[in-house]
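Undergrad: First, the structure itself, so that you have it in front of you.
Residue numbers (the numbering used here): 945 to 1141.
Dropping the structure here:
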């Protein structure tokens, strides 16, 4: 047998090229509708973002405006409290004047308390009183100031019921005006404390 040359071809795997499948034809109406929807969605997102930014800006301006409008009223509570306290003290002073005209015995207690606050009574004691109180204290003076030199002085600017006592080394203001002033000061301080809390 004779051998004949055989032609042999080597096996190679088939080539896998990408096959492009043609896209189906696009419906122009559907393409326009999709483009419109994408634009609408994008516009909504951008519009929302822009709207929120504008709303924040408007809110900040509104807050500044409200702060400016509220500024005059910030201290109003304290002012009203102080004015009410002053009004109450004026009313109390008027009532006190009326009551002291009716019951003048209050002055003897005021003089006794004023004398008790003096540490040592040296020298002449001067007691300043409203003219309406002079007679009563004139009668009680010897008992109140036993063994001391004393003098009653008229002060028509004082309210009835109070006194001022003066010695060469001491001075006590037990006038109704001073007591009302101290009370008003305490009341106003309490109003300020309440406003600060």
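For glycine and all other residues, C-beta sits at the position ideal for the given N, C-alpha and C.
Note that this is a predicted model, so its numbers are computed, not measured.
Leaving out the 5 sequence neighbours to the left and right, which residues in its chain are closer than 8 Å to residue 1093 when beta-carbon positions are compared?
TA: Contacts found: 1067, 1068 and 1069.
Undergrad: Quick check: what's the CA-CA separation for residue 1075 versus residue 1012?
TA: Cα to Cα, the separation comes out at about 56 Å.
Undergrad: Expressed to the nearest angstrom, what Euclidean distance is found between the alpha-carbon atoms of residue 1137 and residue 1018?
TA: Distance between the alpha carbons of residue 1137 and residue 1018 is about 15 Å.
Undergrad: Decide if the region 1052-1061 is in contact with the region 1107-1115; the criterion is three or more beta carbon pairs, one per stretch, under 8 Å apart.
TA: Short answer: they touch.
Undergrad: Taking the CB atoms as reference points, tell me whether residue 1096 and residue 1081 lie closer together than 8 Å.
TA: Yes, the pair counts as a contact, with Cβ atoms nearer than the cut-off.
Undergrad: What would DSSP say about residue 1113, mapped onto helix, strand or coil?
TA: It is coil, neither helix nor strand.
Undergrad: Less than 8 Å between the C-beta atoms of residue 1033 and residue 1116, yes or no?
TA: No.
Undergrad: Leaving aside the five residues before and after residue 1128 along the sequence, list all residues of the same chain whose C-beta is less than 6 Å from its C-beta, in chain order.
TA: Around residue 1128: 1033.
Undergrad: In whole angstroms, what is the alpha-carbon distance linking residue 954 and residue 978?
TA: In a straight line, the C-alpha of residue 954 is about 53 Å away from that of residue 978.
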